[in-house]
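Asks: Chains as they are written, first to last, in full-length UniProt numbering: chain A, 1 to 378; chain B, 1 to 378.
Positions of the beta carbon are idealized from the N, C-alpha and C atoms, including for glycine.
As the structure is a computational prediction, the values presented were derived from the model and not from experiment.
Dropping a structure here in structure tokens format, bear with me for questions.
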């Protein structure tokens with residue numbers, strides 16, 4: 001017998017309560033019974049998103065909602081400012097390009113956060129920019145961007161601010177209404193503790209104004225159709241019913257814990273991971289701007305990073321993530337995201353310690369866990 | 001205690017085996033374990049689709065894949081022939097229009113199948129038509145179209161044939177490779193016995209040639225990205241993992257039964273429903289072209305059709321579907337689709353009999369079931 005642990009930045013572990021709720025017999029979505037759940041889910045999502053606006057639901061991966069943010073806000077030949085500090089920032093640029101939107105890039109070294117002032121100066125140089133695309137937590141590098149400062153800057157311009165909050169949502173403080181965010185993108189398999197398959201969008205009034213003017217083609221990801229569905233409690237297309245049932249359960253768990261407590265829990269767990277990383281004489285990939293949703297760590301030069309991830313999975317049943325694209329083999333990522341607690345952190349740190357030792361990296365057994373305990377006891 | 005029965009043309013009942021498989025802990029999709037399942041699923045889908053081509057998987061409702069068929073095959077200002085004989089034929093027209101594709105409609109009275117000759121003459125008149133869009137089973141009317149004849153006609157032209165087989169797939173004979181179908185659209189919550197959330201696309205070589213030339217924007221539903229994912233066993237975006245696990249189980253069940261047996265089972269069940277409808281002196285909505293996936297029945301003039309559906313659900317726990325759009329209240333639809341057997345048919349017919357009687361419609365108790373038994377015993 002080997003227990004399996006999932007500590008990747010998506011998909012994340014799903015609580016058994018949620019898994020079992022989803023194994024109930026399927027109900028039809030044009031029924032009173034379903035509409036009651038849909039109404040509860042709509043309220044719960046507003047709480048999770050900390051917004052007074054409606055949160056639209058799509059049956060898709062997060063990328064589908066990212067595409068929706070482009071195709072619903074913009075028109076052909078519009079110009080968009082895109083912060084490219086990792087794989088998911090770059091994805092926004094790819095989507096814009098696919099839709100004939102001109103990308104003005106803000107190139108950020110992977111592992112660093114964007115300087116809000118750089119956005120300010122690009123907006124001043126290009127007053128015709130229609131939208132600014134960035135990420136709350138850049139999943140590929142474990143970097144958190146200062147959305148509050150960016151929001152204060154973008155609010156002074158006509159451009160809308162679009163934030164991919166996919167891996168940050170339900171893990172890190174996020175207040176789109178206070179921070180002047182116009183479009184937030186979220187999805188199910190991160191802080192929400194659900195399987196992949198649902199994505200979410202919330203919009204400010206400024207965002208909805210752009211939607212009204214947008215000329216790019218869309219149908220399945222039409223924000224107007226989805227909003228109409230919330231008003232009538234009738235999804236425009238057949239929803240992923242079992243995932244919605246699970247969503248209802250997960251949102252209740254988050255409400256019971258309280259969103260501030262959820263944020264604090266993630267903050268405490270990530271602080272413990274970071275302290276342990278230092279105790280192992282390893283280097284954080286984003287020391288100054290580390291996100292609480294996922295911690296990226298540099299692989300020491302004497303170690304094979306791909307083998308490290310493989311060995312942790314095969315020998316210890318502990319699935320963590322490696323690096324993506326040009327970071328493959330150079331970093332590994334531990335996500336204490338969603339359904340994670342003290343002993344998930346202790347376990348992954350012990351597995352990391354033993355694996356590093358077995359790969360010939362000099363390490364003091366117990367040191368990582370000791371450093372973590374000091375933080376986790378507080 | 002009241003047992004619930006789901007006999008709508010999507011969502012359909014999911015077997016407990018499948019529901020429970022999906023409640024297993026989530027595994028990561030970039031692992032050997034997941035890739036093994038993905039490879040099996042790819043093979044199983046080819047069998048279900050009865051095609052030698054790859055079947056692409058998307059996390060979305062069926063409408064997402066329908067949109068993909070438009071955005072991946074066509075270019076702005078292309079012309080498309082669209083058979084509009086029901087809600088889903090009309091949806092293809094709506095999607096084309098949203099993407100700036102000119103629609104040449106083939107208007108068919110709801111409840112009738114398209115005349116293949118009408119497609120032939122429209123293609124002759126408009127040799128620049130790039131694609132012909134139609135449905136195998138039009139879910140809204142319970143009509144089956146003669147795809148084999150249509151395929152033989154379209155094959156003689158440069159246009160590609162796109163078939164929405166969403167509710168027909170895994171229920172009715174369908175041989176896209178033999179019938180010269182270029183693009184088949186399917187989804188999870190019909191014959192496949194799964195919750196909603198997955199959609200599928202298979203393409204012929206002629207279809208792939210159009211994909212190579214297409215200029216419409218796409219990203220999430222990119223067929224090229226999805227095909228690359230099949231080759232490498234790496235989905236381009238995070239797949240709906242729990243639904244894929246369920247898909248693997250459902251495909252195994254279909255393989256064990258054998259696709260021809262699955263078709264025969266649906267054919268037998270639908271024949272029993274049709275015989276019972278006649279025994280109740282009710283009229284089929286599509287007497288000459290009734291599909292085996294779903295049976296549409298005219299509501300007798302003395303009965304309130306909306307109340308009939310409501311009463312069957314509330315008093316008998318039997319969820320069937322009403323009519324959509326202008327057919328609301330005028331027809332009801334009984335789907336013996338997917339995970340359905342002899343006693344689902346018997347039960348729904350008994351519930352229908354009792355409800356009709358309670359609503360004041362003159363009916364001989366037992367007559368419907370007797371007519372069904374005569375067929376089901378064969």
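For the region 50-104 of chain A, list the alpha helix (DSSP H) runs that are entirely contained and at least 4 residues long, ordered along the chain.
Replies: Restricted to the region 50-104 of chain A, the alpha helix (DSSP H) segments that are unbroken, complete and at least 4 residues in length are 62-73, 87-98, listed in chain order.
Asks: Examine the Cβ distances between the region 285-292 of chain B and the region 135-147 of chain B and report whether three or more of them are shorter than 8 Å.
Replies: yes
Asks: Which residue marks the beginning of the alpha helix (DSSP H) containing residue 344/A, and which one marks its end?
Replies: 342-358
Asks: From the DSSP secondary-structure annotation, give me the bridge partner or partners of residue 200/B.
Replies: DSSP lists 57/B, 186/B as the beta-bridge partner residues of residue 200/B.
Asks: Less than 8 Å separating the beta-carbons of residue 103/A and residue 85/A?
Replies: no
Asks: Can you tell me whether residue 301/B is buried or exposed, with buried defined as 16 or more other CB within 10 angstroms of its CB?
Replies: exposed
Asks: Would residue 326/B count as contacting chain A if we go by Cβ distances under 8 Å?
Replies: no
Asks: Is the beta carbon of residue 10/B sitting closer than 8 Å to the one on residue 167/B?
Replies: yes
Asks: So for residue 205/B, helix, strand or coil by DSSP?
Replies: helix
Asks: Of all the options 164/B, 342/B, 119/B, 349/B, which has the alpha carbon lying nearest to the alpha carbon of residue 376/B?
Replies: The option with the nearest alpha carbon to residue 376/B is 342/B.
Asks: What are the uninterrupted segments assigned as beta strand (DSSP E) that are 3 or more residues long and contained completely in the region 265-343 of chain A, given in chain order?
Replies: 295-298, 331-334
Asks: Tell whether a beta-carbon distance below 8 Å holds between residue 32/A and residue 78/A.
Replies: no
Asks: Report the option in 244/B, 208/B, 170/B whose CA atom is closest to the CA atom of residue 228/B.
Replies: Residue 228/B has its Cα closest to that of 208/B, out of 244/B, 208/B, 170/B.
Asks: DSSP three-state call for residue 219/A: helix, strand or coil?
Replies: coil
Asks: Check whether chain A comes within 8 Å of residue 237/B, counting only Cβ atoms and requiring the distance to be less than that.
Replies: yes
Asks: Starting from residue 387/B, find everything on chain A with Cβ-Cβ shorter than 8 Å and list it in chain order.
Replies: Any property of residue 387/B remains undetermined from this structure, which presents chain B solely from 1 to 378.
Asks: Below 8 Å on the Cβ atoms is my guess for residue 199/A versus residue 186/A; work out the distance and round it to an integer in Å.
Replies: Yes, residue 199/A and residue 186/A are in contact; Cβ-Cβ is about 7 Å, under 8 Å.
Asks: If distances are taken between C-alpha atoms only, which option among 122/B, 96/B, 249/B, 220/B comes closest to residue 67/A?
Replies: 220/B
Asks: So for residue 131/A, helix, strand or coil by DSSP?
Replies: strand
Asks: Residue 338/A and residue 63/A look like a contact to me (Cβ under 8 Å); what is the Cβ gap, rounded to whole Å?
Replies: Residue 63/A and residue 338/A do not touch by the CB rule: their CB atoms are close to 19 Å apart, not below 8 Å.
Asks: Between residue 193/B and residue 35/A, what straight-line distance do the alpha-carbon atoms span, to the nearest angstrom?
Replies: 22 Å
Asks: Any beta carbon from chain A within less than 8 Å of residue 105/B's own beta carbon?
Replies: no
Asks: For the alpha helix (DSSP H) that contains residue 154/A, what are its first and last residues?
Replies: 147-154
Asks: On the DSSP bridge list, what partners appear for residue 162/B?
Replies: Residue 162/B pairs with 133/B, 183/B.
Asks: If we cut at 8 Å on Cβ distances, does residue 67/B have a partner in chain A?
Replies: yes
Asks: With a CB to CB cut of under 8 Å and the five nearest residues on each side skipped, what residues in its chain are close to residue 346/A?
Replies: Only 369, 372, 373, 376 meet the Cβ criterion.
Asks: State buried or exposed for residue 127/A, treating a residue as buried only when at least 16 other CB atoms are found within 10 Å of its CB.
Replies: Classification for residue 127/A: exposed.
Asks: Count the other CB atoms, across all protein chains shown, that sit within 10 Å of the CB of residue 328/B; report buried if there are 16 or more and exposed otherwise.
Replies: Its Cβ having fewer than 16 others within 10 Å, residue 328/B is exposed.
Asks: With H, G and I counted as helix, E and B as strand and the rest as coil, what does DSSP make of residue 251/A?
Replies: helix
Asks: Report the residues of the region 316-348 of chain B with a CB closer than 9 Å to any CB of chain A, ordered along the chain.
Replies: Listed by position, the residues of the region 316-348 of chain B near chain A (Cβ gap below 9 Å) are 319, 321, 322.
Asks: Just confirm the distance between the C-beta atoms of residue 119/B and residue 147/B, as a whole number of angstroms; I'd bet it's less than 8 Å.
Replies: Actually they do not touch by this definition, with Cβ atoms about 11 Å apart.
Asks: Taking a Cβ distance cut-off of 7 Å, strictly less, list which residues of the region 178-209 of chain A are near chain B, in chain order.
Replies: 189, 195, 196, 197
Asks: Should the region 347-356 of chain B be called in touch with the region 314-327 of chain B, which here means at least 3 C-beta pairs below 8 Å?
Replies: yes
Asks: Within 10 Å of its beta-carbon, does residue 365/A have 16 or more other beta-carbons around it, so buried, or fewer, so exposed?
Replies: exposed
Asks: Evaluate residue 189/B with the Cβ neighbour count: other Cβ atoms within 10 Å of its Cβ, from every protein chain shown; 16 or more gives buried, anything less gives exposed.
Replies: buried
Asks: Classify residue 361/B as helix, strand or coil using the three-state DSSP reduction.
Replies: coil
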